[in-house]
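Protein chains in written order, with this note's numbering: chain X, 1 to 116; chain F, 1001 to 1117.
No residue lacks a Cβ here, since even glycine has one placed at the ideal position from N, Cα and C.
Since we're looking at a predicted model, the values are computed, not measured.
Take a look at the structure below.
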């Protein structure tokens, strides 16, 4: 079975500062993908960044970077230069082989509030 | 880029009626789509995996007869909530995995807010 753990129910950060959202995972599948999504109050799920288990370098997308530490099974999201519009729920997800099929598994989410 | 479109975004229906939610992959083929339900301030709960041309695979505890899923084509999956009751009121969202030259991702529809009165 695969599992995603996000231990931070809520995080606060001041505008223009960097913030790290934690994510650890567990899987027995050697091939898997890790994702981060942003969900604003409107409900839509916005794809932020992807990291494959065999990728040698940490993924980056603009202000988002994924701190992938395979040995520790962690995939933390780093948001640099936070903006007020970054306030939202953030979900870490993994897609690996579970029960014979590739079903995405989501963490419980972290609520990020960016204040001026 | 790849886009998944979900319709309707908002729906209010009377108790006992059925409501259909559509999920379309707009510029890619999706042999698999996932349907989720989300309660306020909680994570996404996988309801079922929709498979094109075959029966959906439901998660444990999800009533197959109540939440009918049909994946009639490579670009369309539908979720029908039958005989809806107020406790079915929730946010429903679909997603489809996509693999392209720039990487992998799982794209989501915009989600549907269902209110049963």
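Output, in chain order, the set of chain X residues within a Cβ distance shorter than 7 angstroms of residue i.
| i | result |
| --- | --- |
| residue 1111 of chain F | 43, 44 |
Taking C-beta pairs closer than 8 angstroms, name the residues in chain X that residue i reaches, listed in chain order.
| i | result |
| --- | --- |
| residue 1050 of chain F | The contacting residues do not exist; residue 1050 of chain F stays about 12 angstroms from chain X at best. |
For a cutoff of 9 angstroms on Cβ pairs, would you count residue i as touching chain F?
| i | result |
| --- | --- |
| residue 50 of chain X | yes |
| residue 31 of chain X | no |
Measuring only between beta-carbons, confirm whether residue i sits less than 9 angstroms from chain X.
| i | result |
| --- | --- |
| residue 1115 of chain F | no |
| residue 1078 of chain F | no |
Thinking C-alpha only, which one of the options is nearest residue i?
| i | options | result |
| --- | --- | --- |
| residue 27 of chain X | X/85, X/106, X/67 | X/106 |
| residue 1117 of chain F | F/1007, F/1018, F/1003, F/1005 | F/1018 |
| residue 1053 of chain F | F/1009, F/1077, F/1072, F/1097 | F/1072 |
| residue 1087 of chain F | F/1033, F/1023, F/1007, F/1037 | F/1037 |
| residue 110 of chain X | X/7, X/35, X/30 | X/7 |
| residue 82 of chain X | X/9, X/96, X/13, X/89 | X/13 |
| residue 1110 of chain F | X/56, X/42, X/104, X/32 | X/42 |
Given residue i, which residues of its chain have a CB within under 8 angstroms of its CB, disregarding the five upstream and five downstream residues?
| i | result |
| --- | --- |
| residue 1026 of chain F | 1002, 1003, 1004, 1005, 1075 |
Once the 5 residues before and after residue i are set aside, which same chain residues still bring their CB inside 6 angstroms of it?
| i | result |
| --- | --- |
| residue 20 of chain X | 76, 78 |
Going by the beta-carbon positions, is the gap between residue i and residue j smaller than 9 angstroms?
| i | j | result |
| --- | --- | --- |
| residue 1108 of chain F | residue 68 of chain X | no |
| residue 1013 of chain F | residue 1114 of chain F | yes |
| residue 1067 of chain F | residue 1045 of chain F | no |
| residue 1069 of chain F | residue 1084 of chain F | no |
With 9 angstroms as the threshold, decide whether the Cβ of residue i is near any Cβ in chain A.
| i | result |
| --- | --- |
| residue 1031 of chain F | Annotation note: the requested chain A is absent from the structure, which comprises protein chains X and F. |
In chain X, which residues lie less than 9 angstroms from residue i when you measure between Cβ atoms?
| i | result |
| --- | --- |
| residue 1069 of chain F | Those within 9 angstroms of residue 1069 of chain F in chain X number zero; the least Cβ separation is about 15 angstroms. |
Mind pulling the chain F residues with CB within less than 8 angstroms of residue i?
| i | result |
| --- | --- |
| residue 72 of chain X | Chain F residues near residue 72 of chain X: none, gap ~22 angstroms exceeds 8 angstroms. |
| residue 103 of chain X | 1034, 1046, 1049 |
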